[in-house]
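K.L.:
Just so you know, the working numbering puts 161 at position 127 of the sequence shown, and the rest follows in order with no gaps. Can you read through this structure? Questions will come right after.
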Amino acid sequence: MIPRRSIALLGLAAVIGLSLSAAPVLAARPTARFEVAGHLRHDPGTLSVRFAPGVDTQEGDTIAAAAGLAPVGRLVGLGITQYRPTDGGPPGRALASLRRNARVGFAELPVPMRALAEPDDTFRSAQWGLDAINAPAGWELTTGSFGAVIAVVDTGVDFSHPDLRAKLLPGYDFFAGDGNPQDVNGHGTLVAGVAAAVSDNERGISGTSWASEILPVRALGPQGEGSDQTVASAIKYAADRGARVINLSLGGPGSSSTLDAAIDYALARKVVLVAAAGNEGPPLVSSFSSVNYPAASEPVVAVGSVSETSAGLTVSSFSSRGDELDVVAPGDDIWTTDCARCSGRPALAAGTYDSVRGTSFAAPFVSGLAALMLSRNPDLSSAQVQSRIRSTARDLGPSGDDRDTGRGLVDVRRALATTTAPYASDGQAPSLRPLDMLPGTMVRGTVTVTARAWDASGVAQADLDYGNGIRRFAHPLRRGQALEVSTAWTSTANVDGLRVWTARAVDAAGNARSLRMPVLVANDHLVTRRVVHDTTGSAGAELSYNLLPRMTTPFVARVSGNTGTRLTLRLVRASNGAIVATGSGGGAAHLAVPSLTAGTYRLRVSSASAGTEVVLTAAWFRPD
């Protein structure tokens with residue numbers, strides 16, 4: 035039997051009792067006659083000119099015409115005119131001629147400008163760590179995508195925190211063995227905020243990866259205690275559910291074959307693992323290592339901590355050292371999300387924040403960076419991500435690797451600059467999925483309808499159509515690549531029965547995707563609702579459940595399972611095996627029948643993978 039290994043949190047929060055694209059040039063026109071706009075256009079094929087005092091518009095245009103230019107715009111009040119070459123050639127050829135003319139005040143080519151992706155969160159100015167790792171410059175390249183899910187394997191995450199709850203996916207508690215990974219200590223909530231708090235929302239803090247979703251997986255108990263078994267289980271769970279990055283702000287003094295197996299499992303699925311190095315400080319013997327495990331495992335990105343001091347950035351006194359260290363990140367005086375209802379904690383208002391220190395809070399900066407890199411290029415392997423994080427780090431000590439800082443301080447901008455998006459052209463429609471009101475479910479009263487779209491080139495527009503109206507959301511494409519659309523719907527305004535919502539998303543390249551969301555509205559009818567938790571057998575084998583509606587009724591059903599696993603749902607008549615309705619999809623499937631006659635039916639579920647854990651729900655009306 036493999037012995038249980040002691041796993042410790044690697045944060046020093048006293049509050050939880052822990053130890054220390056430019057527009058294309060316009061085509062040439064056959065004549066010099068251009069429409070002159072009352073503003074300056076965005077057009078790199080032009081010049082901006084202001085003439086000397088006393089030169090009126092007519093004379094100025096005559097001077098420009100002699101240089102082969104015609105006006106296309108005027109900025110009234112500033113006396114600046116925008117000119118384009120009449121032959122469609124480059125504007126620079128006329129520049130020297132104009133600058134030699136004494137009647138010209140100035141003439142210049144357009145100066146490139148960019149939107150600055152700097153968030154407006156309340157405590158952003160206190161987050162020195164983001165500036166230290168060059169995150170604001172990196173956000174100009176990407177602010178992430180919800181497809182790059184970060185799993186936080188820790189003490190859980192506070193689902194009530196307003197700077198986190200919109201980012202949280204359903205997770206699991208391997209410490210207590212249930213489906214509620216609510217934080218019981220506070221450490222996991224602190225870690226999650228650094229990695230991916232909701233950003234640019236005029237409150238709280240900014241996460242490193244703005245758009246990444248968070249998969250909370252509890253592997254540690256109320257005192258931060260755990261074992262290699264719970265952590266290994268959590269790693270496998272996260273890998274199975276589509277996490278691209280797993281943050282491990284925990285560790286222990288010894289290695290574990292169980293944990294090694296889980297790490298190998300995740301690596302085979304292109305998951306990046308990031309771990310805190312530990313808070314033991316330098317080892318007593320300089321040639322020894324104080325780096326904790328699993329950070330000491332070679333394929334795991336091991337992260338130490340730096341502090342901001344009057345002398346600049348220095349290695350934190352508590353940060354573990356050793357040859358296994360890959361990089362360092364800020365881990366001292368880190369402002370992040372705090373837990374409002376964790377056991378044994380002081381009473382805190384919901385949505386609070388705290389300043390903490392420890393390598394626990396350096397690691398999620400690197401997890402956020404890994405998610406940003408995978409948002410730019412989801413085809414990267416875990417080894418490629420680790421290599422690029424290391425090779426782009428800024429050296430803080432001796433040249434190359436050293437035992438105190440590894441390869442140096444991570445640099446978000448430099449790492450992302452090496453991570454080119456693999457899309458030469460975008461012919462792929464956006465991915466689109468529902469969040470609050472899931473297709474194939476029952477609704478009553480007022481419900482929230484939310485859909486989220488993502489696309490490599492950015493989502494330009496999304497619509498929600500509820501049958502008697504459309505709510506349209508335009509997206510400026512300046513902040514990340516995800517767009518979430520949401521609206522409240524009062525179902526009582528509709529007659530009971532099957533209702534279909536349609537979500538539609540269009541990306542920047544004009545590709546579109548639609549998603550139908552049928553639901554059963556049941557405000558005035560009694561309803562039979564069945565929920566089954568089960569596990570499929572061999573691949574393709576069906577689970578079968580009997581249904582006996584006693585009246586003609588609308589019918590909906592939904593099945594969900596492991597992320598990406600293809601599921602099929604079939605409704606058949608028991609008497610003759612005739613198929614009434616089918617549905618299939620990756621990770622979930624649904625079906626809906628507007629009018630199902632009374633009788634006996636069988637609802638059948640199958641999975642493309644053996645041993646898939648599924649949750650099946652079905653609902654229909656029953657007589658009063």
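In this text, a Cβ means the ideal position worked out from N, Cα and C, and glycines have one as well. These numbers were taken from a predicted model, which means no experiment stands behind them.
With a 10 Å radius around its C-beta and 16 neighbouring C-beta atoms as the bar for buried, classify Pro628 as buried or exposed.
P.N.:
The residue labelled residue 628 in the question sits at position 594 within the sequence shown. When all chains shown are included, Pro628 counts as exposed.
K.L.:
Please list the terminal residues of the continuous beta strand (DSSP E) segment that includes Arg547.
P.N.:
Numbered from its first residue, the sequence shown carries residue 547 at position 513. Looking at the DSSP string, the run of the beta strand (DSSP E) that includes Arg547 is 546 to 555.
K.L.:
Would you give the residue range spanned by the alpha helix (DSSP H) that Leu293 belongs to?
P.N.:
Here residue 293 is taken as the residue at index 259 of the sequence shown, counted from 1. That run of the alpha helix (DSSP H) goes 291 to 302.
K.L.:
Relative to the alpha-carbon of Arg636, which residue among Leu532, Ser233, Leu603 has its alpha-carbon at the smallest distance?
P.N.:
The residue labelled residue 636 in the question sits at position 602 within the sequence shown. When only C-alpha atoms are compared, the closest one is Leu603.
K.L.:
What does the alpha-carbon distance come out to for the pair Arg410 and Asp372?
P.N.:
For the purposes of this step, residue 410 is identified with residue 376 of the sequence shown, where counting begins at 1. For the purposes of this step, residue 372 is identified with residue 338 of the sequence shown, where counting begins at 1. If I take the Cα positions, the gap works out to 30 Å.
K.L.:
Put Asp274 into one of helix, strand or coil per three-state DSSP.
P.N.:
Your numbering for residue 274 matches position 240 in the sequence shown. Helix at Asp274.
K.L.:
Use the C-beta contact count for Gln92: other C-beta atoms within 10 angstroms, 16 or more gives buried, fewer gives exposed.
P.N.:
Looking up residue 92 in the sequence shown gives position 58. Counting Cβ neighbours within 10 Å, Gln92 comes out exposed, since fewer than 16 surround it.
K.L.:
Going by the beta-carbon positions, is the gap between Gly431 and Val349 smaller than 9 Å?
P.N.:
Taking the first residue of the sequence shown as 1, we reach residue 431 at position 397. Taking the first residue of the sequence shown as 1, we reach residue 349 at position 315. Contact flag set, yes.
K.L.:
In terms of residue numbering, what span does the beta strand (DSSP E) encompassing Pro412 cover?
P.N.:
As a first step, residue 412 is located in the sequence shown; it is residue number 378 there, counting from the start. Neither: Pro412 is in no beta strand (DSSP E) and is coded neither H nor E.
K.L.:
Counting only beta-carbon separations shorter than 9 Å, does Pro628 have a partner in chain B?
P.N.:
Checking the listed chains, one finds no chain B in this structure; it contains a single protein chain.
K.L.:
Does the Cβ-Cβ distance between Gly660 and Asp212 come in under 9 Å?
P.N.:
Since the first residue of the chain shown is 35 and the last is 658, residue 660 is not available in this structure.
K.L.:
Tell me the DSSP secondary structure of Ser240 in three-state form.
P.N.:
The sequence position of residue 240 within the sequence shown is 206, counting from 1. It is coil, neither helix nor strand.
K.L.:
If you measure between the beta carbons of Gly163 and Gly365, is that distance less than 9 Å?
P.N.:
Numbered from its first residue, the sequence shown carries residue 163 at position 129. Numbered from its first residue, the sequence shown carries residue 365 at position 331. For Gly163 and Gly365, yes; Cβs fall inside 9 Å.
K.L.:
Could you give the first and the last residue of the continuous alpha helix (DSSP H) run that contains Ile93?
P.N.:
Along the sequence shown, read from residue 1 onward, the residue named residue 93 stands at position 59. Before going on, a small fix: residue 93 reads as Glu here, not Ile. Counting along the chain, the alpha helix (DSSP H) containing Glu93 begins and ends at 91 to 100.
K.L.:
Whole angstroms is fine: what's the gap from Ala296's alpha carbon to Trp244's?
P.N.:
One-based indexing of the sequence shown puts residue 296 at position 262. One-based indexing of the sequence shown puts residue 244 at position 210. In a straight line, the C-alpha of Ala296 is about 28 Å away from that of Trp244.
K.L.:
Near Asp568, which residues of its chain fall below 6 Å by C-beta distance, leaving aside the five closest residues on each side in sequence?
P.N.:
Position 534 of the sequence shown, counted from the first residue, corresponds to residue 568. So the qualifying residues of the chain are Leu577, Val648.
K.L.:
Using alpha carbons as the reference points, say which of Pro170, Gly241, Gln462, Ser351 lies closest to Ser324.
P.N.:
Counted from its first residue, the sequence shown places residue 324 at position 290. Looking at the Cα atoms, Ser351 is the closest of the given residues.
K.L.:
Tell me the rounded alpha-carbon separation between Arg84 and Ser353.
P.N.:
Taking the sequence shown and counting its residues from 1, the one referred to as residue 84 is at position 50. Taking the sequence shown and counting its residues from 1, the one referred to as residue 353 is at position 319. Each residue's Cα considered, the two are about 59 Å apart.
K.L.:
DSSP has Pro333 in a bridge; who is on the other side?
P.N.:
Stepping through the sequence shown from its first residue, residue 333 is reached at position 299. Its beta-bridge partners do not exist; DSSP assigns none.
K.L.:
Contact check, Gly571 vs Ser594 under 8 Å by CB: the rounded distance?
P.N.:
Taking the sequence shown and counting its residues from 1, the one referred to as residue 571 is at position 537. Taking the sequence shown and counting its residues from 1, the one referred to as residue 594 is at position 560. Not quite, the Cβ-Cβ distance comes to about 18 Å (not below 8 Å), so this is no contact.
K.L.:
At the level of alpha carbons, what is the spacing between Ala329 and Glu358?
P.N.:
Stepping through the sequence shown from its first residue, residue 329 is reached at position 295. Stepping through the sequence shown from its first residue, residue 358 is reached at position 324. Cα-Cα distance, rounded: 8 Å.
K.L.:
Just verifying my parser: in three-state terms, what is the DSSP assignment at Ala575?
P.N.:
Residue 575 sits at position 541 when you count from the first residue of the sequence shown. Three-state result, Ala575: coil.
K.L.:
Pull up the distance between the alpha-carbon of Ser548 and that of Ala608, whole angstroms please.
P.N.:
Numbered from its first residue, the sequence shown carries residue 548 at position 514. Numbered from its first residue, the sequence shown carries residue 608 at position 574. The alpha-carbon atoms of Ser548 and Ala608 are separated by roughly 33 Å.
K.L.:
Give the DSSP-derived three-state secondary structure of Ser421 in the structure shown.
P.N.:
Within the sequence shown, residue 421 is the residue found at index 387, counting from 1. Reduced to three states, the DSSP call for Ser421 is helix.
K.L.:
In the structure shown, what three-state DSSP assignment does Ala229 receive?
P.N.:
Position 195 of the sequence shown, counted from the start, is the residue given in the question as residue 229. If DSSP states are grouped into helix, strand and coil, Ala229 belongs with the helices.
K.L.:
Does the beta-carbon distance from Leu406 to Thr176 come in below 9 Å?
P.N.:
By one-based count along the sequence shown, residue 406 stands at place 372. By one-based count along the sequence shown, residue 176 stands at place 142. With respect to the 9 Å criterion, Leu406 and Thr176 are classified as neighbours on the basis of their beta carbons.
K.L.:
Quick check on the DSSP output: the beta strand (DSSP E) that includes Glu361 runs from which residue to which?
P.N.:
Residue numbering aside, residue 361 sits at position 327 when the sequence shown is read from its first letter. As written in the sequence, residue 361 is Val, which differs from the Glu given in the question. Residues 361 to 364.
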